[in-house]
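Protein sequences appear in the order of chains A and B.
To convert a position in the first sequence, counted from 1, into my numbering, add 960.
To convert a position in the second sequence, counted from 1, into my numbering, add 36.
In this text, a Cβ means the ideal position worked out from N, Cα and C, and glycines have one as well.
Have a look at the structure below before the remarks.
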Amino acid sequence: MVSTLSLERTEIISVASGKGGTGKTSILASLGYALQVSGHKVLFIDTDFATDGLSLFLLGPRGWEAMSGLDDGNTFAGYLGRHFVSNSQQNFPESFKVNRGRQDDHGQIYDVIISGRNLYGDLPEQMTQLAAPELSREAFRRAVRKFFDYVRGRKEWDYVLVDTRGGFTFNTTDVCALSDSFF
Amino acid sequence: MYRISAAAAELACKPTLRGVVVNKATESSERGQGPWPGTFRLNFDRLNLDNVEGSFRNVLVEEFSIRYSDTHPVPLDIFAVEAYKTQRIPYVAFPASVFSYATLVAFSGMMKTVTVRWPEEVTKRWNALVDRISQAIKEANESLVKQVQQDQALHEDLDKLAKENEALRSRSKLAEENTADRERYYEHYRMEVARSDRLRRFTLVASVLILTVTAGALVWSLIKLQQQETRQAVTQERLYSLQGELQKLQDQLRSSAATQERLNSLQEELRKLQDQLRSSTATQERLNSLQEELRKLQGQLQSSGQPATQERLNSLQEELRKLQDQLQSSGQPATQERLNSLQEELRKLQDQLSSGR
Chain A
961 MVSTLSLERT EIISVASGKG GTGKTSILAS LGYALQVSGH KVLFIDTDFA
1011 TDGLSLFLLG PRGWEAMSGL DDGNTFAGYL GRHFVSNSQQ NFPESFKVNR
1061 GRQDDHGQIY DVIISGRNLY GDLPEQMTQL AAPELSREAF RRAVRKFFDY
1111 VRGRKEWDYV LVDTRGGFTF NTTDVCALSD SFF
Chain B
37 MYRISAAAAE LACKPTLRGV VVNKATESSE RGQGPWPGTF RLNFDRLNLD
87 NVEGSFRNVL VEEFSIRYSD THPVPLDIFA VEAYKTQRIP YVAFPASVFS
137 YATLVAFSGM MKTVTVRWPE EVTKRWNALV DRISQAIKEA NESLVKQVQQ
187 DQALHEDLDK LAKENEALRS RSKLAEENTA DRERYYEHYR MEVARSDRLR
237 RFTLVASVLI LTVTAGALVW SLIKLQQQET RQAVTQERLY SLQGELQKLQ
287 DQLRSSAATQ ERLNSLQEEL RKLQDQLRSS TATQERLNSL QEELRKLQGQ
337 LQSSGQPATQ ERLNSLQEEL RKLQDQLQSS GQPATQERLN SLQEELRKLQ
387 DQLSSGR
């Protein structure tokens, strides 16, 4: 159930932790669910293409079926890869709807930008290289900043919840730094 | 945290720290007060999260210069792990869990500054979610309390049953002992009865035997007595008869003393005749004479009514037998006939004596 109620400003909230396995994905997903159930428009972004925790959680048990129509244009890793190649502003990732709407499931349809396409380990090596590029910190910062500005500029969501990689590498600290808030 | 601040400074950004969530919290004065080890006390909707992970949160406050209220503990909850593993939302799958309660408390605190900007409808829906979780927790707690009460009641029943069982076991043991005693007593009684029965049978048999022997002896004694009485009666009768005969003989003897003498004389003659026969000189005339004398004697006896005594007759008979032998050895048939005649006369004399007796 998506409400028509909307805030004037999109708030990007990131979650970070000093190490992996602390439960930040569970906390972030729960927060996103609570906000969405309350009537907010919420976008989930998974920037942790090391573990893909949020993507797998939201896609659910039949996630590989939901991913059949997706390509790198729907993933954060794909966006970084394209940015690495072309540095083009036209290649922002597009969110897609993950239907967990059954009442015995989440009862919600989520807007999601998943981490990468190799969630289930079924892609050939040449495709995974693109899915997980090793950008410099500066390039990463530029890409994330542009992406966040793009998301804010669309004014489509009240809250954008960003899951980050565990630990305090720049992939995490810079995402949090470029967000509006973090916890 | 410092790295994020440093990055933010480098990027000329000012992200807001909404709070620090202390997830999987385990340290709590509340823990261990529940019905089972390591669990929180009941009615955790009133759980005071301020006390959870207090020491670590104080370190955070000192380290990052944040308020204690900006730290939000979320206790370790197996239901949260289960929800994550099964890719379900805890508010849907386990609404009554500690995780659901604590995260909503944390989110309320973290989003406090922005909720004031939320439209009323959104706030209502947020509150509805909180109410739903609270209601679920309340129901779960009520169920839990009921379950605990039932468990306690069951434990009480169990204790009661255990005591009853113990009492029954004691009674059973006592009953077994009583039964064993009674069985021993019964066995003893049975043996006594058997022995008494044997003794009774033996006594009965012995009594029957004794009675039989006694009766036999009695009958035998009666028979003997009867025989003795009969014999005594016969003897008595004989005695009376002999007394009569004796009396008669005495009378005969008294009246015929002469006859007795004559008889002695004849006996003497017979003895002489016998001597004569031994010498083979006796004569037939002498035998006839003796016969005649015997006849006379017989006649006298008959006339006197006094039969000769048995002894006397026997003596005569013996003398005649000897005479007969002499005649036979001498080859005189006339003498033999004479002897036969004498024997005949003697037999008649005996018959007379017998009939007279």
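- For A:L1121, the enclosing beta strand (DSSP E) has its first and last residue at Y1119 to D1123.
- Residue contact with chain A for B:L47: present (Cβ-Cβ distance below 8 Å to some residue of chain A).
- Under the Cβ criterion (8 Å, minimum of three pairs), the segment 993-1000 of chain A does not count as touching the segment 1133-1143 of chain A.
- Remark: C-beta atoms of B:G55 and B:D106 approach each other more closely than 8 Å.
- When Cβ-Cβ separations below 8 Å define contact, B:A132 makes no contact with chain A.
- Taking every protein chain shown into account, the CB of B:F238 has fewer than 16 other CB atoms within 10 angstroms, so this residue is exposed.
- In terms of CA proximity to A:G1023, A:N1078 leads the group A:V1120, A:N1078, A:F1100 and A:S990.
- Across the structure, B:K182 and B:Y137 are spaced so that their CA atoms are roughly 21 Å apart.
- Between the segment 1024-1033 of chain A and the segment 1126-1135 of chain A, the count of Cβ pairs shorter than 8 Å is below three; the stretches do not touch.
- Annotation: the segment 1001-1064 of chain A contains the following complete segments of the alpha helix (DSSP H) (minimum length 4 residues), in chain order: 1013-1019, 1023-1026 and 1036-1046.
- At a Cβ-Cβ threshold of 8 Å, A:L1030 and A:F1056 count as neighbours.
- Taking 8 Å as the threshold, the shortest C-beta distance from A:D1140 to chain B falls below it.
- Between B:A44 and chain A, the shortest Cβ-Cβ separation is below 8 Å.
- Contacts with chain A at 8 Å (Cβ-Cβ) include B:I40.
- Going by DSSP, A:N1131 is part of no beta strand (DSSP E) but of the alpha helix (DSSP H) stretching over F1130 to L1138.
- Taking the Cα positions, B:S133 is about 10 Å away from B:T139.
- A:F1128 is positioned such that its CB atom lies no closer than 8 Å to that of A:Y1039.
- B:T271 sits exposed, since fewer than 16 C-beta atoms from the chains shown fall within 10 Å of its C-beta.
- Note that the C-beta distance between A:T1124 and A:D1008 is below 8 Å.
- DSSP places B:A48 in no alpha helix (DSSP H); its state is neither H nor E.
- The three-state secondary structure of B:T107, taken from DSSP, is strand.
- Between the segment 1066-1074 of chain A and the segment 1093-1102 of chain A there are fewer than three inter-stretch CB-CB distances shorter than 8 Å, so the stretches are not counted as touching.
- In this structure, DSSP gives A:Y1080 a state outside helix and strand, which the three-state scheme calls coil.
- The Cβ of A:Y1070 sits no closer than 8 Å to any Cβ of chain B.
- In terms of Cβ geometry, B:Q123 and A:P1053 do not form a close pair [threshold 8 Å].
- Interface criterion not met: the Cβ of A:G1126 is under 8 Å from no Cβ in chain B.
- For A:S974, the enclosing beta strand (DSSP E) begins and ends at E971 to V975.
- Listed by position along chain B, the residues whose Cβ is nearer than 8 Å to that of A:T982 are N59 and K60.
- At the C-beta level, A:G999 and B:K60 stay beyond 8 Å of one another.
- Chain B has no Cβ within less than 8 Å of the Cβ of A:I1074.
- Residue pairing for B:N59: DSSP places it in a beta bridge opposite B:V110.
- As the crow flies, the alpha-carbon of A:L1121 is around 9 Å from that of A:L991.
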